[in-house]
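Residue numbering for the sequence shown follows numbering that gives the first Met the number 0, starting at 0 and increasing by one per position.
For every residue, glycine included, the Cβ atom is placed at its ideal position computed from N, Cα and C.
Just so it is clear, the structure is predicted and the values come from calculations on it, not from any experiment.
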Amino acid sequence: MTDLFLPQKTGDDGLSLLTPKGMQFQGRRKDGLALLEPWLPAGEEISMSPPPQGQATIRSPMDLRTGRSFLPRVAILFGRRGQGKTLWLTAMLWMMKERGRLQGTPRFVATNYWTSFSDHASPYLLDELQEFPDWAYNAIIGIDEVVDLLPSARAMSNYTLLSQSFFRQIRKRGCEVLAATQFPQELSRGILRQVDFFLETELVQYGKGVRTYWHDWWGQFTGQYKQRYWPPERDAHDYAFTLWGTDQMFGHYRTEEVVATVVSDSRDEIISQQWQEGDMFIGDIEKGEVQNVGRRSFSEILDMIDGNTVVLLDDLMDIAREDLDLPYLSMTRLRDILTGMGFIVAQDDEGDWVVSK
């Protein structure tokens with residue numbers, strides 16, 4: 000997907016598209032950091048690639064300059080079904096990751112849904128982040144259907160209280176959060192207070208572009224601390240732009256899996272079923288002879304796999320991380336590597352994940 004841009008070096012630290020130097024809202028610039036700088040007036044357009052004929056474009060988002068200081072931001076995308084929330088979210092995650100790579104400040108991308116470029120994709124993402132893992136530094140967190148993972152806290156459950164603390168603490172590690180939901184009003188008030196921007200999305204030309212309407216709800220960038228309607232109304236937006244070329248992301252993410260709510264008694268079973276049926280792994284296979292990997296290298300283990308010999312995926316994971324020099328290799332990425340080499344990664348009749356041919 001590196002052909003989506005022909006970026007130019009900006010000469011700055013390039014920390015993130017989410018950490019700009021300033022932002023213009025309806026012609027008025029407020030100094031400080033904002034979620035997506037463009038140094039552009041309201042209503043202008045940027046593009047992942049050349050826009051449709053007849054549409055004006057400004058420079059690539061990869062050319063946008065960032066500030067020297069870095070303050071992580073949290074944004075919530077909202078809108079009705081089919082309005083490009085996850086499409087825009089995925090495109091922005093990729094742009095931030097690719098821009099960091101090109102400018103020498105790589106960013107770790109973690110999502111709760113599958114993408115082709117995530118460094119870590121897991122339906123248990125928020126559960127894992129509550130433990131503050133080693134990889135959760137300067138990371139970009141993408142969360143789809145966030146309401147099912149962080150529901151409203153009428154009873155102020157322990158989980159929701161912990162989640163409110165999580166948003167405050169994870170930002171101290173330099174992590175930025177982009178999350179999508181249809182109805183932000185279903186999130187707890189304590190979590191909403193941690194959000195910097197609310198973005199309403201609108202699909203353009205069947206996914207060729209996504210227009211976003213930005214709401215600086217707390218007035219920290221516009222300086223407008225007036226009372227606003229809740230949820231945010233489109234006519235009251237502070238900033239808007241269209242991102243073109245988002246159709247190039249089709250096939251690079253998948254959201255067919257049901258996001259199991261945290262209060263469900265069958266959450267583990269739902270996740271196991273959905274991530275398997277969504278072709279996260281390939282089919283069921285009969286259990287062959289499980290080979291002990293011993294102290295073999297990654298390539299030696301793959302050489303001994305055949306139609307009658309399988310290897311447990313868990314046994315292969317640590318070896319792959321070391322031999323491939325990928326300390327944060329996820330099961331998703333390992334599956335893609337193995338299937339690309341012609342292997343089958345599947346769950347056998349006893350429920351173990353194995354690698355076979």
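For the 9 Å CB-CB criterion, residue 95 and residue 142 do not form a contact.
Counting only runs of at least 3 residues, the segment 180–240 fully encloses the following beta strand (DSSP E) elements, listed from N- to C-terminal order: 196–203, 208–214. Under a 10 Å Cβ-count criterion, residue 179 is classified as buried, with 16 or more other Cβ atoms of the shown protein chains found around its own Cβ.
Inter-residue distance for residue 97 and residue 230 is about 33 Å (C-alpha atoms, whole angstroms).
For residue 104, the secondary structure class from DSSP, reduced to helix, strand or coil, is coil. Here the C-alpha atom of residue 246 lies approximately 8 Å from the C-alpha atom of residue 86.
Nearest C-alpha to residue 205 among 83, 88, 316: 83. It is roughly 42 Å from the alpha-carbon of residue 74 to the alpha-carbon of residue 301. Rounded to whole angstroms, the separation of the alpha carbons of residue 319 and residue 298 is 9 Å. In the three-state scheme derived from DSSP, where H, G and I count as helix and E and B as strand, residue 169 is classed as helix. According to the DSSP assignment, residue 74 belongs to the beta strand (DSSP E) that extends over 73–77.
Taken atom to atom, the span from the alpha-carbon of residue 353 to that of residue 170 is near 37 Å. The C-alpha of residue 323 is placed about 43 Å away from the C-alpha of residue 215. Only exposed fits residue 235, as fewer than 16 other CB atoms lie within 10 angstroms of its CB. Here residue 127 is not bridged, per DSSP, to any residue. Rounded to whole angstroms, the Cβ separation of residue 134 and residue 116 is 15 Å, and the two are not in contact under 8 Å. With fewer than 16 other Cβ atoms inside 10 Å of its own Cβ, residue 303 counts as exposed. Put simply, the backbone Cα of residue 340 is about 11 Å away from that of residue 355. For residue 319, the enclosing alpha helix (DSSP H) covers residues 312–322. Comparing alpha-carbon positions, the option among 223, 189, 332, 344 lying closest to residue 312 turns out to be 344.
Residue 237 is classed as buried because its beta carbon has at least 16 other beta carbons within 10 Å across all chains shown. Residue 125 and residue 333 have their C-alpha atoms some 21 Å from each other.
Of the residues 321, 325, 337, 248, the one whose Cα lies closest to the Cα of residue 310 is 337. Closest option to residue 242, judged by alpha-carbon separation, among 201, 183, 105: 201.
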